[in-house]
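Same order as they appear, the protein sequences are chains C and B.
According to my numbering, the stretch in the first sequence is residues 23 to 512, in order.
According to my numbering, the stretch in the second sequence is residues 95 to 408, in order.
Ideal Cβ placement from N, Cα and C applies to all residues, glycine included.
If you're wondering where the values come from, they're calculated on a predicted model, not measured in any experiment.
What follows is a short report on a single structure.
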Amino acid sequence: MTPVVHVEGLRAVTGSRTLVDGVSFALAAGQVVALVGASGSGKTTTGLALLGEHAPGVSVSGRVTVTGRIGFVPQQPSAALNPVRRLGGVFREIAALHPGDDDVLIATALRRARVPVELLRRYPHELSGGQQQRVVLAQALVGDPAVLVADEPTTGQDPITRAEVVDELASVVAQGVALVLLTHDLDVVRAVADEVVVLRSGRVVEAGPTADVLDRPRTAYTAALVAAQPRVTVPAERPAAAPRLETRSVTARHRATTVLHDVDVRVGAGECLAVVGRSGSGKTTLARCVAGLHAGFAGEVLLDGRPLPRSLRRRSRAELAAVQYVFQDARASFDAYRTVLDQVSRTAVRLGGAADPRAEALARLAAVGLDEATVTRRPAGLSGGELQRAALVRALLARPDVLVCDEITSGLDTLTQASLLDQLAALTCTVVLISHDLAVVARLADRVAVLHRGRVVEHGPAGEVLGSPTHPVTVGLLGRSMEGTEERKA
Amino acid sequence: MSPRRYAARRLALGLVQVLAVVTVVFLLVQALPGDAAVALAGDNPDPRRIEQIRVTMGLDRPPLERFGEWVLGLARGDFGVSLISGRPVVEFLHDGLGPTLVLAALALVLLVPLSVVLGVLAALREGGPVDRVVTTVTVGLHSIPEFALAVVLIAVFGVQLRWLPPTAVGADLLGQPAVLVLPLVVLVARPLCSISRLVRAGMIDALASDHVRHARRLGIGVTRIRFAHALPNALAPAVQQVARTTDWLLGGVIVVEAVFVVPGLGTILVDAVAGRDLPVVQGLAVVFAVTTVVVNLVADLLAFRLAPRSVAIA
Numbered sequence: 023m024t025p026v027v028h029v030e031g032l033r034a035v036t037g038s039r040t041l042v043d044g045v046s047f048a049l050a051a052g053q054v055v056a057l058v059g060a061s062g063s064g065k066t067t068t069g070l071a072l073l074g075e076h077a078p079g080v081s082v083s084g085r086v087t088v089t090g091r092i093g094f095v096p097q098q099p100s101a102a103l104n105p106v107r108r109l110g111g112v113f114r115e116i117a118a119l120h121p122g123d124d125d126v127l128i129a130t131a132l133r134r135a136r137v138p139v140e141l142l143r144r145y146p147h148e149l150s151g152g153q154q155q156r157v158v159l160a161q162a163l164v165g166d167p168a169v170l171v172a173d174e175p176t177t178g179q180d181p182i183t184r185a186e187v188v189d190e191l192a193s194v195v196a197q198g199v200a201l202v203l204l205t206h207d208l209d210v211v212r213a214v215a216d217e218v219v220v221l222r223s224g225r226v227v228e229a230g231p232t233a234d235v236l237d238r239p240r241t242a243y244t245a246a247l248v249a250a251q252p253r254v255t256v257p258a259e260r261p262a263a264a265p266r267l268e269t270r271s272v273t274a275r276h277r278a279t280t281v282l283h284d285v286d287v288r289v290g291a292g293e294c295l296a297v298v299g300r301s302g303s304g305k306t307t308l309a310r311c312v313a314g315l316h317a318g319f320a321g322e323v324l325l326d327g328r329p330l331p332r333s334l335r336r337r338s339r340a341e342l343a344a345v346q347y348v349f350q351d352a353r354a355s356f357d358a359y360r361t362v363l364d365q366v367s368r369t370a371v372r373l374g375g376a377a378d379p380r381a382e383a384l385a386r387l388a389a390v391g392l393d394e395a396t397v398t399r400r401p402a403g404l405s406g407g408e409l410q411r412a413a414l415v416r417a418l419l420a421r422p423d424v425l426v427c428d429e430i431t432s433g434l435d436t437l438t439q440a441s442l443l444d445q446l447a448a449l450t451c452t453v454v455l456i457s458h459d460l461a462v463v464a465r466l467a468d469r470v471a472v473l474h475r476g477r478v479v480e481h482g483p484a485g486e487v488l489g490s491p492t493h494p495v496t497v498g499l500l501g502r503s504m505e506g507t508e509e510r511k512a
Numbered sequence: 095m096s097p098r099r100y101a102a103r104r105l106a107l108g109l110v111q112v113l114a115v116v117t118v119v120f121l122l123v124q125a126l127p128g129d130a131a132v133a134l135a136g137d138n139p140d141p142r143r144i145e146q147i148r149v150t151m152g153l154d155r156p157p158l159e160r161f162g163e164w165v166l167g168l169a170r171g172d173f174g175v176s177l178i179s180g181r182p183v184v185e186f187l188h189d190g191l192g193p194t195l196v197l198a199a200l201a202l203v204l205l206v207p208l209s210v211v212l213g214v215l216a217a218l219r220e221g222g223p224v225d226r227v228v229t230t231v232t233v234g235l236h237s238i239p240e241f242a243l244a245v246v247l248i249a250v251f252g253v254q255l256r257w258l259p260p261t262a263v264g265a266d267l268l269g270q271p272a273v274l275v276l277p278l279v280v281l282v283a284r285p286l287c288s289i290s291r292l293v294r295a296g297m298i299d300a301l302a303s304d305h306v307r308h309a310r311r312l313g314i315g316v317t318r319i320r321f322a323h324a325l326p327n328a329l330a331p332a333v334q335q336v337a338r339t340t341d342w343l344l345g346g347v348i349v350v351e352a353v354f355v356v357p358g359l360g361t362i363l364v365d366a367v368a369g370r371d372l373p374v375v376q377g378l379a380v381v382f383a384v385t386t387v388v389v390n391l392v393a394d395l396l397a398f399r400l401a402p403r404s405v406a407i408a
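Put into structure tokens, the structure is as follows:
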């Protein structure tokens with residue numbers, strides 16, 4: 023079969039740094055090639071080169087041949103859709119760029135991406151995450167492209183949405199479109215890709231059919247990537263400790279909507295409680311109630327048997343130090359205009375009562391692999407993974423009894439994620455882990471609470487909940503995250 | 095919440111706000127030293143004469159009674175009569191509203207397109223000479239107060255060069271448009287700066303956003319991306335500023351009216367306060383409060399359209 027995409031000797035250089043060095047691959051219609059690797063491996067630069075784009079200051083050389091049109095499916099569809107425009111108007115603008123009747127073009131693209139026509143009247147914020155993903159896919163499909171480039175299409179999605187995205191991509195490929203998948207999610211790669219190209223620092227370290235590369239990796243780097251992919255393994259039982267943190271019939275509202283109904287959860291000293299559920303199930307609101315960031319709730323949050331004031335403002339300094347929060351978006355949780363070290367050591371000053379906060383902060387940061395040269399930069403000079411580690415250190419400097427971690431691994435590549443999970447596993451304080459990724463949960467949690475539409479539908483020791491789930495949502499979340507571990511679908 | 099229900103709720107709330115404003119204005123005028131009788135009696139008045147005037151005006155009755163009577167009248171659409179001249183308050187409002195409306199409408203017609211064009215131009219040439227010139231001029235102009243600008247413009251164009259009439263004394267505003275030029279320049283100058291700065295900042299953000307990059311990748315043309323994708327996102331903050339400016343203009347910009355001798359609402363308000371002419375002051379307060387409520391409602395509905403997400407959450 024003649025390839026529709028042919029890349030040979032692609033190089034991208036910025037200043038003295040080589041981003042991509044000699045990447046070559048070919049792809050035929052109806053085939054899927056996955057470019058995998060950790061952040062900074064050159065996946066995105068290669069993907070952009072296929073579109074004929076490059077970041078400012080980057081010079082690209084080598085040969086890229088694409089037969090037919092190329093479409094792009096962006097990462098984070100919520101950001102890629104214009105919040106002010108109804109979907110229909112944008113679709114008509116796109117269709118006008120292609121030969122043929124606009125209505126027919128739009129209808130075909132919507133059908134292929136399985137987007138209901140009614141959605142055209144809506145604004146992007148009125149769609150679910152899965153629907154937004156399908157809409158950007160449909161936009162890329164207008165005018166029948168020969169090739170699609172999909173950039174991290176599953177990053178940050180809950181397992182059920184992730185499985186939907188995989189299904190959509192597979193069905194588009196079945197219609198004869200070639201797909202270039204840029205991802206660090208090896209479960210998705212196994213599910214859809216025919217070939218894998220493993221990139222590291224811009225070089226191809228390994229390439230070949232998916233099963234060969236992932237099941238029999240020839241290089242240590244690929245082996246590390248495969249090993250870092252989280253797996254659900256049912257954890258062993260631990261004896262229950264005395265409760266340190268407890269919520270009693272917590273009912274929380276956002277304006278008129280009740281987002282949590284009578285939530286009772288309990289976690290002992292030194293244990294890790296995982297709160298799991300789909301996006302929108304109320305996980306984050308529960309975490310915010312515990313941390314004092316969402317004061318509008320009824321019920322009680324008890325720390326060592328004593329109720330905590332609902333609002334952050336009414337908590338004493340000791341109570342503030344006792345409960346610390348690490349946010350999902352590490353970059354947004356830092357001030358962009360002060361150095362990371364400044365901001366991290368500030369907790370040690372205010373809450374930790376350290377004699378030499380700067381030295382203590384530096385030591386703790388060094389322990390997670392962040393040297394002084396790195397942390398004296400502003401946040402813009404650090405990667406997402408580095409910032410998340412700094413955010414973790416910042417919280418730990420307060421010497422908390424309870425650490426709340428809200429989806430802190432969801433935006434990270436698997437290698438970075440694995441090292442962060444190791445650090446969490448080594449903690450001695452009580453951890454409340456908010457996640458929709460049951461593989462992460464299984465790795466860390468002693469106890470699991472499953473939330474669905476604001477209600478606790480399962481709560482118990484991790485081994486019990488994950489080993490013999492009873493509620494359909496738990497089964498759904500579990501089933502989807504284990505799907506990738508099976509042999510590739512025929 | 096649908097925009098329609100939102101508007102209905104806001105209008106109901108607006109009614110309460112108007113009543114509150116009127117009450118506060120009544121109390122404040124009561125708190126001023128002296129009353130209409132003192133103002134009418136002239137210099138060195140005889141206390142007995144003041145008392146006489148008070149009785150004929152009905153000012154000797156308790157304030158609560160007078161206020162209640164006035165509010166009841168308002169409910170029937172009756173604004174009452176001036177204490178000083180005995181003319182119906184509606185006539186005052188009618189006289190003042192004309193010039194103020196003409197000035198405000200013309201100022202807005204100039205202001206909105208000009209500031210959007212300037213802001214977009216500066217944003218598209220970010221960091222270039224055009225951007226720098228626009229930025230320097232707007233920041234500079236913004237720091238000159240209205241009265242100073244007005245006096246300088248009158249001195250240069252009205253007195254020295256004699257290109258334009260220095261004031262609008264006795265002129266028919268629409269019949270002699272030349273008298274409007276200088277007041278309009280003064281009215282537009284400062285809002286033009288703040289609004290064009292907001293459009294520029296919003297436009298720069300929007301042009302760098304993920305959704306604009308995505309639209310480019312979909313092959314949508316440059317002009318369309320600038321004006322149909324980026325600009326609507328950039329306008330949301332500017333709309334709020336335009337609303338504030340509209341409020342300010344419809345309130346009769348007292349300084350500008352005074353300098354150019356335009357007989358608008360601002361001039362009437364100053365005269366009425368000086369004469370302690372309570373019914374006129376209150377009538378104006380009602381007009382200003384209603385304008386503010388309506389203008390801000392329109393701005394919020396526009397913002398609903400321009401940033402559907404933020405309002406949906408709020």
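Asked                                                                                                                           : Found
Chain C contact residues for aspartate 304 (chain B), given Cβ-Cβ distances below 8 Å                                           : Pro96, Gln98, Ala101, Ala102
Simplified DSSP assignment, three categories, for leucine 201 (chain C)                                                         : strand
Supposed contact pair arginine 386 (chain C) and leucine 418 (chain C) - C-beta distance, whole angstroms, cut 8 Å              : 7 Å
8 Å Cβ cutoff met for leucine 373 (chain C) and glutamine 410 (chain C)                                                         : no
Simplified DSSP state of alanine 264 (chain C), which is helix, strand or coil                                                  : coil
Residue environment, proline 329 (chain C), which counts as buried when at least 16 other CB atoms sit within 10 Å              : exposed
Chain-ordered chain B contacts of glutamate 115 (chain C) [CB-CB under 7 Å]                                                     : Ile314, Arg318
CB contact check: leucine 109 (chain C) to chain B, cutoff 8 Å                                                                  : no
Opposing strand residues paired with leucine 211 (chain B) [DSSP bridges]                                                       : The displayed chain sequence assigns valine, not leucine, to residue 211 (chain B). DSSP, once it has assigned bridges, lists no residue as partnering valine 211 (chain B).
Alpha helix (DSSP H) runs wholly inside the segment 131-193 of chain C, at least 4 long, in chain order                         : 151-163
Leucine 499 (chain C), DSSP secondary structure in three states                                                                 : helix
Chain B contact for glutamine 161 (chain C) (CB, 8 Å cutoff)                                                                    : yes
Rounded C-alpha distance that separates leucine 315 (chain C) from arginine 275 (chain C)                                       : 13 Å
Ordered list of alpha helix (DSSP H) runs contained in the segment 411-450 of chain C, each at least 4 residues                 : 436-447
Listed by chain order, chain C residues near arginine 311 (chain B) by CB distance under 7 Å                                    : Leu73, Phe94
Where leucine 460 (chain C) sits in the DSSP three-state scheme                                                                 : helix
Residues that arginine 175 (chain C) contacts on chain B, provided the C-beta gap is smaller than 9 Å                           : Sequence inspection shows proline at residue 175 (chain C); the arginine mentioned does not correspond to that position. Ordered by position in chain B, no residue passes the 9 Å Cβ test against proline 175 (chain C), which lies about 14 Å from the chain.
Aspartate 393 (chain C) to leucine 384 (chain C) span [Cα, whole Å]                                                             : 8 Å
CB contact below 8 Å: aspartate 394 (chain B) versus chain C                                                                    : no
Beta-bridge pairing of arginine 469 (chain C) - partner residues as DSSP gives them                                             : C:Leu295, C:Pro483
Backbone CA spacing between lysine 511 (chain C) and glycine 485 (chain C) [nearest angstrom]                                   : Confidence at lysine 511 (chain C) is low in this model, with a pLDDT of 35, below 50, so the placement of that residue is unreliable and no value is reported for it.
Chain-ordered neighbours of leucine 119 (chain C) on chain B, where CB pairs are closer than 9 Å                                : Leu312, Gly313, Ile314, Gly315
Cβ contact (3+ pairs, closer than 8 Å) linking the segment 218-229 of chain C and the segment 81-100 of chain C                 : no
Three-pair Cβ contact test at 8 Å for the segment 385-393 of chain B versus the segment 178-186 of chain B                      : no
Glutamine 197 (chain C) classed as buried or exposed, judged by whether at least 16 other C-beta atoms fall within 10 angstroms : exposed
Pairwise C-alpha distance: valine 289 (chain C) and proline 175 (chain C)                                                       : 35 Å
Cβ pair count under 8 Å reaching 3, the segment 208-215 of chain C against the segment 183-198 of chain C                       : yes
Neighbourhood of leucine 391 (chain B) by C-beta, 8 Å cutoff - its chain only, sequence neighbours within 5 removed             : Ala101, Arg104, Leu105, Gly108
Unbroken stretches of the alpha helix (DSSP H), 4 residues or longer, contained in the segment 344-383 of chain C               : 362-369
Element boundaries [alpha helix (DSSP H), containing valine 355 (chain B)]                                                      : No alpha helix (DSSP H) contains valine 355 (chain B), which DSSP labels as neither H nor E.
Inter-residue spacing [alpha-carbon to alpha-carbon] between leucine 267 (chain B) and alanine 102 (chain C)                    : 51 Å
Residue of C:Leu149, C:Thr306, C:Leu282, C:Val164 minimising C-alpha distance to aspartate 125 (chain C)                        : C:Val164
Residue range of the alpha helix (DSSP H) that includes proline 81 (chain B)                                                    : Lying outside 95 to 408, the shown extent of chain B, residue 81 (chain B) is not represented and no answer is given.
Three CB pairs or more closer than 8 Å across the segment 345-357 of chain C and the segment 425-443 of chain C                 : yes
Own chain, CB closer than 7 Å to threonine 89 (chain C), minus 5 neighbours either side, in chain order                         : Val26, Ala168
Collapsed DSSP secondary structure at glutamate 505 (chain C) in the structure displayed                                        : For glutamate 505 (chain C), the predicted model reports a pLDDT of 43, less than 50, meaning its position is unreliable; a value from the coordinates is still stated below. Helix at glutamate 505 (chain C).
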